[in-house]
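Colleague: Handing you this structure, nothing more for now.
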């Protein structure tokens, strides 16, 4: 700040732990839509995400993310869409994440992930959970945020879900595919 300038710069709202409720509070609310796609399972795949938030002046900002991978699965791309979207956020937010993937949404809304963790990343049938690398990365990406998951029916005409599907399939069909280093035939 220059000498003689007593004007304070605008700061983002403080994020703090509310001791009464033990959760993060922040004024920034972000809506995320995600989708994953694979051409064959496994096959070339891609993810798409649309992030949207409205600032205190009423301006809405939107950002689209997508990337394509060779030899992956639709479930891995569904998870990666959510991960990359959350990792893009540069401060703690209240996030409403919409996905047509019951695999992703039910893991949290039906508390599957808690059971997997309790059992040492094993399913109720005592088999190893698939995509552990991405589930763990997703949990880390969620850590600074308060995230709720909302299931939306895929291919039902919802504008942002359809846009994510378009981003994901376009990425899967692109010639510039990355290697999904975490994919194994067990996934």
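Numbering (UniProt numbering), first residue to last: 1 to 187.
Ideal Cβ positions, reconstructed from N, Cα and C, are used throughout, including at glycine.
Between which two residues does the beta strand (DSSP E) harbouring residue 51 extend?
Modeller: 43-54
Colleague: Candidates 73, 168, 173, 184: which alpha carbon is nearest residue 50's?
Modeller: Checking every option, the nearest Cα to that of residue 50 belongs to 168.
Colleague: Can you grab the Cα-Cα spacing for the pair residue 89 / residue 55, in whole Å?
Modeller: Distance between the alpha carbons of residue 89 and residue 55: 14 Å.
Colleague: Going straight from the alpha carbon of residue 172 to that of residue 68, what length do you get?
Modeller: Residue 172 and residue 68 have their C-alpha atoms spaced approximately 5 Å apart.
Colleague: Measuring CA to CA, which of 140, 116, 137 is closest to residue 127?
Modeller: 116
Colleague: DSSP beta-bridge partners for residue 85?
Modeller: Looking at the DSSP assignment, residue 85 forms no beta bridge with any residue, so it has no partner.
Colleague: Of all the options 28, 34, 71, which has the alpha carbon lying nearest to the alpha carbon of residue 58?
Modeller: 28
Colleague: Decide if residue 105 is buried, meaning its Cβ has at least 16 other Cβ atoms within 10 Å, or exposed.
Modeller: Classification of residue 105: buried, given that the 10 Å Cβ count is 16 or more.
Colleague: Spatial neighbours of residue 22 within its chain, please: C-beta separation below 6 Å, excluding the five flanking residues on both sides.
Modeller: Note that residue 22 scores 33 on pLDDT, short of 50, meaning its location in the model is unreliable and no value can be drawn from it.
Colleague: When DSSP labels each residue in this structure, what does residue 104 get in the three-state scheme?
Modeller: helix
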